[in-house]
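The structure appears right after this line, and notes come after that.
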Amino acid sequence: MADAATPAGARVARPAPVPKAGRMADPRRAGLSILLVFLAPALLVYLGLTAYPAVRTVLDSLFTIEGTERSFVGIANYRDLLADETFRVAVRNTFVWAFVAPVLDVATGLLLALALYAGVPFARFLRVAWFTPVLLSYVVVAILWMWLYNYDWGVVNEALRAVGLGALARSWLGDPNTALSALIVTHAWKWAGFNMVVCLAAIHSLPSEVLEAAELDNCGWGAKLRHVIVPMLWPTLLNLYVLAFIGKMKVFDLVWIMTGGGPLWATETVSTYVYKRAFNWNTFDLGYPSAIATVWFGVVCAAVMILNRVFRSRDRLEY
Amino acid sequence: MRATLAPRRGGLLASRAALGLVIAAYTAYTLGPFLWLATMSVRTTGEISADHYAWPRPFHWEQFRVAWVDSDFATYFWNSTVVVVTAVAAVTLIGAAAAHALARYHFPGNRLIYGILFSSIIFPPQITLISLYQILVDYGLYNSLIGLTLVYVSLQLPLTVYLLEGFFARIPQDLFDAAKMDGYGDLEIFRRIVLPIGMPAIATTLILNFIQLWNEFLFAVVLVTDPDKRTLPIGIRAFMGDHFQDIGMIAAGVMISVVPVIVAYVFFSEKLIRGMTAGAVK
Numbered sequence: 001m002a003d004a005a006t007p008a009g010a011r012v013a014r015p016a017p018v019p020k021a022g023r024m025a026d027p028r029r030a031g032l033s034i035l036l037v038f039l040a041p042a043l044l045v046y047l048g049l050t051a052y053p054a055v056r057t058v059l060d061s062l063f064t065i066e067g068t069e070r071s072f073v074g075i076a077n078y079r080d081l082l083a084d085e086t087f088r089v090a091v092r093n094t095f096v097w098a099f100v101a102p103v104l105d106v107a108t109g110l111l112l113a114l115a116l117y118a119g120v121p122f123a124r125f126l127r128v129a130w131f132t133p134v135l136l137s138y139v140v141v142a143i144l145w146m147w148l149y150n151y152d153w154g155v156v157n158e159a160l161r162a163v164g165l166g167a168l169a170r171s172w173l174g175d176p177n178t179a180l181s182a183l184i185v186t187h188a189w190k191w192a193g194f195n196m197v198v199c200l201a202a203i204h205s206l207p208s209e210v211l212e213a214a215e216l217d218n219c220g221w222g223a224k225l226r227h228v229i230v231p232m233l234w235p236t237l238l239n240l241y242v243l244a245f246i247g248k249m250k251v252f253d254l255v256w257i258m259t260g261g262g263p264l265w266a267t268e269t270v271s272t273y274v275y276k277r278a279f280n281w282n283t284f285d286l287g288y289p290s291a292i293a294t295v296w297f298g299v300v301c302a303a304v305m306i307l308n309r310v311f312r313s314r315d316r317l318e319y
Numbered sequence: 320m321r322a323t324l325a326p327r328r329g330g331l332l333a334s335r336a337a338l339g340l341v342i343a344a345y346t347a348y349t350l351g352p353f354l355w356l357a358t359m360s361v362r363t364t365g366e367i368s369a370d371h372y373a374w375p376r377p378f379h380w381e382q383f384r385v386a387w388v389d390s391d392f393a394t395y396f397w398n399s400t401v402v403v404v405t406a407v408a409a410v411t412l413i414g415a416a417a418a419h420a421l422a423r424y425h426f427p428g429n430r431l432i433y434g435i436l437f438s439s440i441i442f443p444p445q446i447t448l449i450s451l452y453q454i455l456v457d458y459g460l461y462n463s464l465i466g467l468t469l470v471y472v473s474l475q476l477p478l479t480v481y482l483l484e485g486f487f488a489r490i491p492q493d494l495f496d497a498a499k500m501d502g503y504g505d506l507e508i509f510r511r512i513v514l515p516i517g518m519p520a521i522a523t524t525l526i527l528n529f530i531q532l533w534n535e536f537l538f539a540v541v542l543v544t545d546p547d548k549r550t551l552p553i554g555i556r557a558f559m560g561d562h563f564q565d566i567g568m569i570a571a572g573v574m575i576s577v578v579p580v581i582v583a584y585v586f587f588s589e590k591l592i593r594g595m596t597a598g599a600v601k
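Chains as they are written, first to last, in our numbering: chain A, 1 to 319; chain B, 320 to 601.
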């Protein structure tokens with residue numbers, strides 16, 4: 001079902017190398033030196049700046065590191081982590097965000113894609129317009145939404161006051177009860193367009209006979225959505241869910257700029273907590289945040305594998 | 320063929336109207352905040368405090384000059400440009416070479432190398448962040464644009480290899496066989512066949528990497544502290560920290576950072592959307 005327009009839509013099966021008769025060697029073989037010329041730079045970058053730092057972080061988690069002082073503490077950091085209330089709150093917030101919010105993203109994206117598919121005028125323009133927030137940096141999105149949520153003159157409160165619901169106006173980011181939801185809405189605002197274009201591409205790649213058959217059977221909007229479109233798009237929707245999930249497990253920029261994890265740890269995520277412990281608090285210890293990072297690395301990899309296993313239908317998921 | 324989802328009889332008009340209303344509302348929701356920001360960037364902070372939603376009158380274009388010259392946004396802009404352009408050029412070349420080898424040649428460990436490179440896409444950034452900070456300090460690359468550029472190359476490598484490998488693998492083998500017959504060497508094949516034919520995919524990767532790095536915040540904020548070396552995202556953030564109330568100037572700075580992205584988007588929206596959705600459609 002892969003869309004031919006996507007450069008990496010499908011991993012096509014490679015045809016088996018056809019052994020050429022005569023003196024031509026197998027053209028799909030190359031000497032080690034040639035392979036090294038092509039692969040060495042990428043492998044060096046990967047080993048030096050991804051693999052080595054990752055391994056080092058895991059090892060560092062067994063130390064207390066203050067400046068150049070390193071002292072081995074075994075699993076003490078991990079034991080502390082178990083008792084760390086703030087870490088627990090950060091994990092809870094991140095999980096809420098990562099498991100719940102993707103539903104919002106994917107559902108919005110699907111509905112928007114269906115609206116465009118229904119053949120509205122200016123569909124091309126709308127597709128481009130709705131995608132715009134995806135391109136804005138988190139810094140820009142954060143600043144914009146801090147202003148939208150401003151207590152005195154933000155759009156949200158102004159609108160509430162205009163319709164006579166002024167009593168509901170509040171400091172959305174300053175209230176521990178609403179801060180996390182406010183951030184989730186902002187994040188969804190940024191990413192809905194991405195889900196929309198993916199859903200749209202998937203709908204266009206559906207076999208048109210099926211949709212036409214449903215049309216002939218006088219299938220209603222809701223029935224068609226429920227019995228035809230959603231089941232056929234299911235692999236795409238699950239894929240989008242996993243993508244959104246991964247993104248939200250890493251969420252940092254938006255939180256850091258809009259609330260800094262506050263108020264009262266209401267929006268603390270694992271990423272912001274690691275950052276605080278490593279670079280922001282005056283604890284000066286890089287061992288403990290390394291332990292958090294290691295645990296979280298394990299959690300993210302395990303969660304992605306479990307989701308892949310649970311969601312796997314016929315073929316494997318791609319990112 | 321495009322099927323219409325609206326019911327055919329009765330209520331056709333009503334449902335069309337409802338659909339139109341929803342679409343208009345959502346468009347206002349996505350574009351409205353951005354246009355609001357744009358109006359504020361050409362108004363002075365005094366005017367904005369008087370009425371946050373008034374149309375700019377007159378247009379204070381000098382806000383951009385003030386932001387560019389007096390508020391150091393020129394420095395941030397050039398730092399961002401140097402780091403991002405260098406990193407994108409490097410990662411595309413390195414990634415394309417690796418993608419070509421993985422897509423074209425049979426050798427033991429091919430899929431293993433591909434899997435290892437690719438799987439780091441899901442790594443949470445903290446797993447490398449703290450150590451990269453220490454490593455760059457060790458090698459005197461902390462607080463330097465070179466260090467940040469190197470890190471950026473490593474950040475975008477998995478995506479680049481993934482996108483290009485998928486595309487290069489679909490170039491017909493016949494082309495390569497013919498080139499070999501004509502006596503092309505392996506490097507020549509890469510330079511004279513793979514790169515030109517792969518240009519559409521390479522362009523997509525270029526734009527995608529450009530936008531992601533232009534917007535990058537976390538590694539920049541950790542690895543750069545010197546005000547002269549700030550890139551735009553951390554420059555804006557720092558400016559906002561110092562001048563929280565100066566809304567007009569913040570808006571002008573934000574617009575400066577957004578313009579290159581918008582320009583890239585206007586010219587390459589199709590390529591960009593395709594690049595970002597590649598692989599997500601099943």
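Backbone N, C-alpha and C fix where the C-beta goes; we use that ideal spot for every residue, glycine too.
Show which residues of chain B have a CB atom less than 8 Å away from the CB atom of M249/A. Mapped onto the first sequence, residue 249/A falls at position 249. The contacting residues are P443.
Which residues in chain B have a C-beta closer than 8 Å to the C-beta of W130/A? List them in chain order. As a first step, residue 130/A must be located in the first sequence, where it is residue number 130. From the beta-carbon of W130/A, the residues of chain B found nearer than 8 Å are Y345, T346 and T349.
Could you have a look at R70/A and say whether DSSP puts it in helix, strand or coil? Taking the first sequence and counting its residues from 1, the one referred to as residue 70/A is at position 70. For R70/A, the three-state secondary structure derived from DSSP is strand.
Please list, in chain order, the chain A residues whose beta carbon lies closer than 9 Å to that of L469/B. Reading the second sequence from its first residue, position 150 is the one you call residue 469/B. Near L469/B (Cβ distances below 9 Å), the residues of chain A are V45, G48 and L49.
Under 7 Å from the C-beta of G414/B: neighbouring residues of chain A: The sequence position of residue 414/B within the second sequence is 95, counting from 1. Residues of chain A whose Cβ lies closer than 7 Å to the Cβ of G414/B are, in chain order, A42.
Cutoff 7 Å; reference D285/A; Cβ partners in own chain excluding five residues on either side: The count along the first sequence starts at 1 and reaches residue 285/A at position 285. Cβ neighbours of D285/A beyond the five flanking positions: T64, I65 and E66.
List the residues of chain B that D60/A touches, going by C-beta distances under 9 Å, in chain order. Translated into the one-based positions of the first sequence, residue 60/A becomes position 60. Identification of chain B residues near D60/A by a Cβ-Cβ cut-off of 9 Å yields I449, S450 and Q453, ordered along the chain.
Ordered along the chain, which non-local residues of its own chain (more than five positions away) have a Cβ less than 7 Å from that of K590/B? Position 271 of the second sequence, counting from 1, holds the residue named residue 590/B. A522, T523 and I526, listed in sequence order.
Rounded to the nearest angstrom, what separates V577/B and T363/B at their Cα positions? Counted from its first residue, the second sequence places residue 577/B at position 258. Counted from its first residue, the second sequence places residue 363/B at position 44. Rounded to the nearest angstrom, the two C-alpha atoms are 19 Å apart.
Spatial distance of C199/A from D457/B (CA atoms): One-based indexing of the first sequence puts residue 199/A at position 199. One-based indexing of the second sequence puts residue 457/B at position 138. Distance between the alpha carbons of C199/A and D457/B: 46 Å.
Return the residue from the list D80/A, N157/A, V128/A and D253/A that minimises the CA-CA distance to A324/A. Absent from the model: residue 324/A. The displayed extent of chain A is 1 to 319, so no value can be given.
Per DSSP, which one or two residues make a beta bridge with I65/A? In the first sequence, the residue the question calls residue 65/A occupies position 65. In the DSSP output, where bridge partners are listed per residue, I65/A has R70/A.
State yes or no: is the beta carbon of Y584/B nearer than 7 Å to at least one beta carbon in chain A? On the second sequence, position 265 is the one that residue 584/B refers to. For Y584/B, the closest Cβ of chain A is nearer than 7 Å.
Quick check: the Cα distance between V410/B and H204/A, rounded to an integer number of angstroms? Start at 1 with the first residue of the second sequence, and residue 410/B comes out as number 91. Start at 1 with the first residue of the first sequence, and residue 204/A comes out as number 204. Near 33 Å, if we compare the C-alpha coordinates of H204/A and V410/B.
Please tell me whether I449/B and P289/A are closer than 7 Å, where the distance is taken between their beta carbons. In the second sequence, the residue the question calls residue 449/B occupies position 130. In the first sequence, the residue the question calls residue 289/A occupies position 289. The answer is yes: Cβ separation under 7 Å.
Between the C-alpha atoms of L144/A and D389/B, what's the straight-line distance to the nearest angstrom? For the purposes of this step, residue 144/A is identified with residue 144 of the first sequence, where counting begins at 1. For the purposes of this step, residue 389/B is identified with residue 70 of the second sequence, where counting begins at 1. Near 23 Å, if we compare the C-alpha coordinates of D389/B and L144/A.
Pick helix, strand or coil for K190/A, following the three-state DSSP scheme. Within the first sequence, numbered from 1, the residue matching residue 190/A stands at position 190. Helix, per DSSP.
Run the CB neighbour count on G166/A, radius 10 Å, all protein chains shown included, and call it buried at 16 or more, exposed below. Here residue 166/A is taken as the residue at index 166 of the first sequence, counted from 1. G166/A is exposed by the Cβ-count criterion.
Of the residues I246/A, V251/A, N93/A and W296/A, which one's Cα is nearest the Cα of N177/A? Sequence index remark: in the first sequence, residue 177/A carries index 177 (1-based). With distances taken between Cα atoms, N177/A lies closest to N93/A.
Is DSSP giving R170/A helix, strand or coil here? The residue given as residue 170/A occupies position 170 in the first sequence. Coil, per DSSP.
Could you name each continuous beta strand (DSSP E) segment of 3 residues or more that falls completely within the segment 220–255 of chain A, going from the start of the chain to the end? Whole beta strand (DSSP E) segments, 3+ residues: zero.
Relative to the C-alpha of V585/B, which candidate in T50/A, F125/A and R29/A has its C-alpha closest? Walking along the second sequence from the start, residue 585/B turns up at place 266. With distances taken between Cα atoms, V585/B lies closest to F125/A.
Hey, does F635/B have any beta-carbon neighbour from chain A nearer than 7 Å? The structure shown has nothing for residue 635/B, since chain B only spans 320 to 601.
Mind checking which residues open and close the alpha helix (DSSP H) that includes Y433/B? The sequence position of residue 433/B within the second sequence is 114, counting from 1. For Y433/B, the enclosing alpha helix (DSSP H) has its first and last residue at N429 to S438.
Alpha carbon to alpha carbon, how far is R376/B from N534/B? Along the second sequence, one-based indexing puts residue 376/B at 57. Along the second sequence, one-based indexing puts residue 534/B at 215. R376/B and N534/B: Cα-Cα distance of roughly 31 Å.
Which of helix, strand or coil DSSP assigns to I526/B: On the second sequence, position 207 is the one that residue 526/B refers to. Reduced to three states, the DSSP call for I526/B is helix.
S463/B - DSSP class collapsed to helix/strand/coil: As a working note, residue 463/B is residue 144 in the second sequence. S463/B falls in the coil class under three-state DSSP.
Under 7 Å between C-beta atoms of T50/A and S439/B: Taking the first residue of the first sequence as 1, we reach residue 50/A at position 50. Taking the first residue of the second sequence as 1, we reach residue 439/B at position 120. Their beta carbons are under 7 Å apart, which means T50/A touches S439/B by this criterion.
Collapsed DSSP secondary structure at T283/A in the structure displayed: One-based indexing of the first sequence puts residue 283/A at position 283. Coil.
Quick check: is the beta carbon of R295/B nearer than 7 Å to any beta carbon in chain A? The shown model of chain B, from 320 to 601, leaves out residue 295/B, and the question about it has no answer.
Is S33/A buried or exposed, if buried means 16 or more other CB atoms sit within 10 Å of its CB? Against the first sequence, residue 33/A aligns to sequence position 33. When all chains shown are included, S33/A counts as exposed.
With 16 other CB atoms within 10 Å as the buried threshold, where does M595/B fall? Taking the first residue of the second sequence as position 1, residue 595/B is located at position 276. Using a 10 angstroms sphere on the CB of M595/B, the tally of other CB atoms reaches 16 or more, which defines it as buried.
Amino acids of chain A, ordered along the chain, whose beta-carbon sits closer than 7 Å to that of V573/B: As a working note, residue 573/B is residue 254 in the second sequence. Within chain A, the residues near V573/B are V140 and I143.
Write down the C-beta distance between A113/A and A188/A rounded to the nearest angstrom, noting that I regard them as a contact closer than 8 Å. Taking the first residue of the first sequence as 1, we reach residue 113/A at position 113. Taking the first residue of the first sequence as 1, we reach residue 188/A at position 188. The distance from the Cβ of A113/A to that of A188/A is about 15 Å, inconsistent with a contact at the 8 Å cut-off.
Would the segment 531–547 of chain B and the segment 331–350 of chain B be scored as touching if the rule is three or more Cβ pairs under 8 Å? Flag = no, the segment 531–547 of chain B and the segment 331–350 of chain B do not touch.
Distance check for A420/B and M249/A, CA to CA, integer angstroms please. Against the first sequence, residue 249/A aligns to sequence position 249. Against the second sequence, residue 420/B aligns to sequence position 101. Within the model, the alpha-carbon separation for M249/A versus A420/B is close to 33 Å.
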